[in-house]
Every structure is written in structure tokens, then in C-alpha cells.
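A.B. asks: Number 662 in my numbering belongs to position 66 of the sequence shown; there are no gaps in the numbering.
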Amino acid sequence: MAQLRQALLHNPTEHGFGTELWTLKRVGMLIKRMYGVEFGQTQIWRILGTLGFSAQKPERRAIERNEEAVRHWKQNTWPALKKKPSAKAD
Numbered sequence: 597m598a599q600l601r602q603a604l605l606h607n608p609t610e611h612g613f614g615t616e617l618w619t620l621k622r623v624g625m626l627i628k629r630m631y632g633v634e635f636g637q638t639q640i641w642r643i644l645g646t647l648g649f650s651a652q653k654p655e656r657r658a659i660e661r662n663e664e665a666v667r668h669w670k671q672n673t674w675p676a677l678k679k680k681p682s683a684k685a686d
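1. Nearest to R656 by CA position, among T638, I640, L617 and I627, is which residue?
2. Mapping the DSSP letters down to three states, classify R642 as helix, strand or coil.
3. Taking the alpha-carbon positions, what's the N607 to G648 distance?
4. Classify D623 as buried or exposed, calling it buried when 16 or more other Cβ atoms lie within 10 Å of its own Cβ.
5. Counting Cβ pairs closer than 8 Å, one from the stretch 657–677 and one from the stretch 636–646, do we hit at least three?
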């Protein structure tokens with residue numbers, strides 16, 4: 597089990613997966629590769645819990661995001677684009 601824990605501490609891309617996100621399916625594939633055993637997703641979930649892992653939600657921001665540019669846009673550009681209440685013609 598210690599080998600599996602070590603393997604999971606590396607990025608999934610280092611194990612040949614396309615993105616840097618571990619899923620139950622990918623963990624199951626890794627277990628099968630390492631130990632030749634298949635488990636259902638519920639059991640994989642339990643194994644991960646035993647190893648000290650918990651569910652994580654990925655951040656919904658681009659890695660390349662420039663915080664300073666975003667802050668500048670929000671302070672300067674956005675207020676000019678926001679709709680302003682029009683004067684009622686009564």
C-alpha cells in the first residue's frame with residue numbers, strides 16, 4: 597500500500613494520463629497496473645481513504661491567470677461597461 601500512496605503523490609501525467617487530475621477510474625487503472633487486481637469504485641474510494649486521501653475539488657481558474665491584469669480589468673474596464681440606469685422620460 598505504501599507503493600500505491602507514493603505513486604499517487606506524483607502527477608497522473610507521470611503515469612501516462614492526459615491531465616493532472618486523479619479520478620477513481622484512473623486510480624483503479626493504476627492499481628491494476630501495479631498489482632494486477634481490479635476493484636470497484638466504492639472499494640477504490642475506501643482504499644484512498646485508508647491511505648489518507650480525501651476528495652478535492654479542482655480550482656476553476658486557469659493556471660496562466662494573471663491576477664494583476666484581472667484586478668486592473670475589474671477596477672477600470674468593468675465599471676465603464678456596466679449598464680448605467682437610464683433617466684426615465686416621464
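Ideal placement from N, C-alpha and C gives every residue a C-beta, glycine not left out.
C.D. replies: Reading from the atomic positions:
1. In the sequence shown, residue 656 corresponds to position 60, counting from 1. Looking at the Cα atoms, L617 is the closest of the given residues.
2. The residue you call residue 642 lines up with position 46 of the sequence shown. In this structure, R642 counts as helix in the three-state DSSP scheme.
3. Mapped onto the sequence shown, residue 607 falls at position 11. Mapped onto the sequence shown, residue 648 falls at position 52. Whole-angstrom Cα-Cα distance: 17 Å.
4. Position 27 of the sequence shown, counted from the first residue, corresponds to residue 623. It should be pointed out that residue 623 corresponds to Val in this sequence rather than to Asp. Classification of V623: buried, given that the 10 Å Cβ count is 16 or more.
5. no
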